[in-house]
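Quick note on UniProt numbering: the sequence shown kicks off at 1 and runs consecutively. We treat Cβ as the ideally placed atom computed from N, Cα and C, and that holds for glycine. All remarks here apply to the structure that follows.
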Amino acid sequence: MNPQQPYYGQAAGGAPPAGYQAGQPPQGGPPYYQGPPGQAPPGQAPPGQAPYGQQQPYGYQNQQAYGQNQGYQAPPQGQGPPGQAPYQQQPPQGYGQYQNQPPQGQGYNQAPYAQQPPQGYNQPPHGQPPQGYPQQGYNQPPHGQPPQGYPQQGQGQHQYPPQGQNQGYGAPGQYGAPQQWQQQQQFSVPPTPPSLGYGPAPVGLAKIDTSSDIETLRKAMKGMGCDERALIRVLTSSKYKNPFAMAQLVNDYQHRFMRDLAKDIISETSGDLETGLLALIRGPLENDARNLEKALIGAGTDEDALNDVVLGRSNADIRAITMEFQRIRSREPDDRILKDVIQKDVDPKLFRLYQMVLKAERAEDTAPVIGADIDHKVMELHRATEGVIGASAVSVAQIFTSSNNSQLHAIADAYDRKYHRNLQDVIEKEFRGDMEDALLDMLLQGIDRARHDADKLRAPLDKTFRKDRLFINRVVSLYWDQNRLNAAKAAYKKIYGHPLRKFVKDKLSGDYEDLMLALLGEQ
1 MNPQQPYYGQ AAGGAPPAGY QAGQPPQGGP PYYQGPPGQA PPGQAPPGQA
51 PYGQQQPYGY QNQQAYGQNQ GYQAPPQGQG PPGQAPYQQQ PPQGYGQYQN
101 QPPQGQGYNQ APYAQQPPQG YNQPPHGQPP QGYPQQGYNQ PPHGQPPQGY
151 PQQGQGQHQY PPQGQNQGYG APGQYGAPQQ WQQQQQFSVP PTPPSLGYGP
201 APVGLAKIDT SSDIETLRKA MKGMGCDERA LIRVLTSSKY KNPFAMAQLV
251 NDYQHRFMRD LAKDIISETS GDLETGLLAL IRGPLENDAR NLEKALIGAG
301 TDEDALNDVV LGRSNADIRA ITMEFQRIRS REPDDRILKD VIQKDVDPKL
351 FRLYQMVLKA ERAEDTAPVI GADIDHKVME LHRATEGVIG ASAVSVAQIF
401 TSSNNSQLHA IADAYDRKYH RNLQDVIEKE FRGDMEDALL DMLLQGIDRA
451 RHDADKLRAP LDKTFRKDRL FINRVVSLYW DQNRLNAAKA AYKKIYGHPL
501 RKFVKDKLSG DYEDLMLALL GEQ
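Quick look at the structure:
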């Protein structure tokens with residue numbers, strides 16, 4: 001199966017290493033943030049002191065939880081207390097002392113080690129010391145809340161409030177009995193804001209004039225036949241590339257004609273064109289929830305669609321998706337909690353992975369790469385895979401689901417240098433089926449997200465049994481994040497030697513082709 005990952009707010013950086021293999025970092029950059037020998041790793045309780053307090057569960061509306069600390073538990077037997085061997089042993093020369101920070105892992109042309117992410121996202125570089133974190137200016141609404149009603153009248157910019165959170169890393173203790181150890185950081189990092197469309201409209205966002213467009217939409221679906229070209233032209237207009245503008249268009253249509261735009265589209269179109277138009281007018285959050293509903297409810301489970309929605313997402317997005325799924329399933333009391341629905345549909349080991357994801361405890365995007373943490377996770381990965389007979393999927397999942405993309409990139413790079421084997425190859429060798437797909441989806445997003453996106457655009461149409469719905473939803477998801485879409489298109493051309501437009505024209509036809517090309521910006 002073809003896994004995905006998620007999503008928004010990521011930008012392309014500088015040139016990455018060719019292929020998926022983790023490469024050697026260039027020399028001469030600053031080392032990863034590490035404490036002096038003999039000192040406890042950042043955020044751990046010094047020997048002899050009581051453990052740090054346990055973090056309380058995060059409520060969807062309760063943002064105060066961001067100020068609470070992650071819990072810390074004693075290290076596994078044989079590992080030694082914090083600040084003592086083997087945690088503070090010097091790693092082998094050439095491995096433990098990283099010379100540079102890893103790239104973001106978010107885009108085909110990734111930035112070289114020690115460079116800051118592309119400007120415009122206002123995020124501090126990964127791996128920097130605690131001092132000097134800039135506050136994030138953010139044009140989007142508070143995280144974890146679905147869009148509600150119209151955007152408010154007037155111009156203005158919503159400033160996302162930086163909040164402190166001691167973000168922990170989850171990693172297994174020993175093979176066969178993974179423990180939920182959480183290592184605190186000595187400094188706070190701002191929570192990753194929700195992707196555009198995964199919170200309410202920013203305060204002061206101006207409404208746009210939709211009057212002529214809603215008249216065009218109604219005329220296109222009124223009377224005999226349907227003007228599909230008019231539908232595509234209006235709904236893919238640059239005016240509506242913002243999810244809140246699209247929501248306003250849908251609401252204005254309903255208020256003007258007392259009709260449901262989605263129902264009219266279902267009545268007047270069919271097939272893949274209908275699927276694409278509905279995915280577009282729903283906006284990214286509702287479409288994610290609808291895709292989960294279709295993937296999980298009924299006969300069988302579409303793990304590809306499930307992975308596309310929940311893997312590699314920020315904590316804020318996961319919370320928003322979980323609540324939106326519950327909203328659209330509110331009339332189904334037995335099947336409205338996402339975690340419970342997944343548990344009914346997948347095997348227990350795979351459910352453990354999704355359970356970790358839905359806890360929304362992934363390292364925030366601005367959490368740095370700390371050499372001691374990477375060293376420990378690399379050794380745990382080896383112990384859970386090649387180091388034993390019978391790999392521990394739960395142990396590997398614990399590490400992957402708790403790490404952000406930059407940390408995953410650093411883990412893959414360090415594993416290759418320490419054990420002289422590609423971590424992707426190890427996962428492919430040790431696991432099979434849906435578990436392999438899910439683990440690879442998270443890992444490859446960290447290694448090179450844009451290349452992974454490009455491969456996932458091609459995969460559904462490049463098989464004997466095509467999965468057009470999967471392709472459509474992947475295109476629509478990228479449409480809401482133009483930076484990520486452009487990075488994926490550039491990666492596709494570099495990998496396959498021709499533009500994505502050519503592939504789409506070869507595989508599709510008619511109005512379906514026109515819609516996909518318009519969403520890709522290739523019409």
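List the endpoints of the continuous alpha helix (DSSP H) containing Q343. 338-345 is the span of the alpha helix (DSSP H), which, as asked, contains Q343.
message = Less than 9 Å between the C-beta atoms of I427 and V396, yes or no?
response = yes
Query raised in the report: Span of the alpha helix (DSSP H) holding R229?
Result: Segment 228-235, the alpha helix (DSSP H) holding R229.
I need the straight-line Cα distance from Q248 to D227, nearest angstrom please. Straight-line Cα distance between these residues: approximately 22 Å.
Assuming R336 and Q326 are in contact, meaning their beta carbons sit under 8 Å apart, how far apart are those beta carbons, in whole angstroms? Indeed, because the Cβ distance is near 5 Å, the residues count as touching under 8 Å.
Identify whether F351 lies in helix, strand or coil by the three-state DSSP scheme. helix
Tell me whether M258 is buried or exposed, calling it buried when 16 or more other Cβ atoms sit within 10 Å of its Cβ. exposed
First and last residue of the alpha helix (DSSP H) that includes N315? 315-328
message = Taking 8 Å as the cut-off, does the region 291-299 touch the region 447-464 (at least 3 CB pairs, one atom from each stretch)?
response = no
Legend entry - For S392 and E513, the rounded distance between their alpha carbons: 44 Å
Please state whether the Cβ-Cβ distance between D448 and L478 is less than 9 Å. no
Here's the rule: buried if 16 or more other CB atoms are within 10 angstroms of the residue's CB, otherwise exposed. What is E286? buried
Checklist entry - First and last residue of the alpha helix (DSSP H) that includes I520? => result Here residue 520 turns out to be Leu, not Ile, going by the sequence shown. Looking at the DSSP string, L520 is not in any alpha helix (DSSP H), and its letter there is neither H nor E.
State the start and end residues of the unbroken alpha helix (DSSP H) segment that holds A279.
271-296
P193 versus R233 - alpha carbon distance: Taken atom to atom, the span from the alpha-carbon of P193 to that of R233 is near 31 Å.
query = Would you call the region 270-287 and the region 438-447 touching, i.e. three or more CB-CB distances under 8 Å?
reply = no
Identity of the residue in L439, F244, M379, M323 nearest V203 by Cα | F244
*Measuring CA to CA, which of R417, Y415, S406, F400 is closest to E436?*
F400
Review point. Should the region 368-378 be called in touch with the region 403-414, which here means at least 3 C-beta pairs below 8 Å?
Key: yes
Considering only C-alpha positions, which residue in the set S188, A487, W480, N315 is nearest to S403? N315
Is it buried or exposed, G433, if we count other Cβ atoms within 10 angstroms and call 16 or more buried?
Around the beta carbon of G433, fewer than 16 other beta carbons sit within 10 angstroms, so the residue counts as exposed.
Ordered list of alpha helix (DSSP H) runs contained in the region 195-259, each at least 4 residues | Here the runs fully enclosed are 211-220, 228-235, 243-257.
*How do the region 270-277 and the region 466-474 stand: do at least 3 beta-carbon pairs fall below 8 Å, yes or no?*
yes
### Inter-residue Cα distance where the pair is R229 and F431
46 Å
Q | Nonlocal neighbours in the same chain, by C-beta distance under 7 Å from Q119, ignoring five residues either side | A | Caution is warranted here: a pLDDT of 40 is assigned to Q119, below 50, making its placement in the model unreliable, and the coordinate value is therefore given only provisionally. So the list is empty, once near-sequence residues are dropped.
So R501 and L519 are in contact, right, with Cβ under 8 Å, and what is the actual spacing, rounded?
At roughly 12 Å, the Cβ-Cβ gap does not stay under 8 Å, so R501 and L519 are not in contact.
- prompt: Using the beta-carbon count (16 or more within 10 Å), is S509 buried or exposed?
  reply: It is exposed - the Cβ of S509 has fewer than 16 other Cβ atoms within 10 Å.
- To which residues of the same chain is A488 closer than 7 Å at the C-beta, ignoring the five residues directly before and after it? A450, D453, A454, L457, L478
Rounded to the nearest angstrom, what separates L353 and A360 at their Cα positions? 12 Å
task = Kindly indicate which residue of D272, Q355, I214 has the alpha-carbon position closest to the one of L260.
result = Before going further, note that residue 260 is Asp rather than Leu in the sequence given. Minimum Cα distance to D260 is reached at I214.
**Residue range of the unbroken alpha helix (DSSP H) whose run includes P470** = The identity of residue 470 in the sequence shown is Leu, whereas the question assumes Pro. Going by DSSP, L470 is part of the alpha helix (DSSP H) stretching over 468-479.
| With DSSP run on the structure shown, which of helix, strand or coil describes P41? | With a pLDDT of only 48 at P41, under the threshold of 50, the placement of this residue in the model should not be trusted; the figure read from the coordinates follows. DSSP places P41 in coil when its eight states are reduced to three.
Looking at the unbroken alpha helix (DSSP H) that takes in N405, where does it start and where does it end? 405-419
#### Entry: Counted within 10 angstroms of its Cβ, other Cβ atoms place K219 as buried (16 or more) or exposed
Exposed: under 16 other Cβ atoms inside 10 Å.
Counting along the chain, where does the alpha helix (DSSP H) carrying K463 start and finish?
Looking at the DSSP string, K463 is not in any alpha helix (DSSP H), and its letter there is neither H nor E.
Segments of 4+ residues assigned as alpha helix (DSSP H) that fall wholly inside the region 382-406: Fully enclosed alpha helix (DSSP H) runs of 4 or longer: 393-402.
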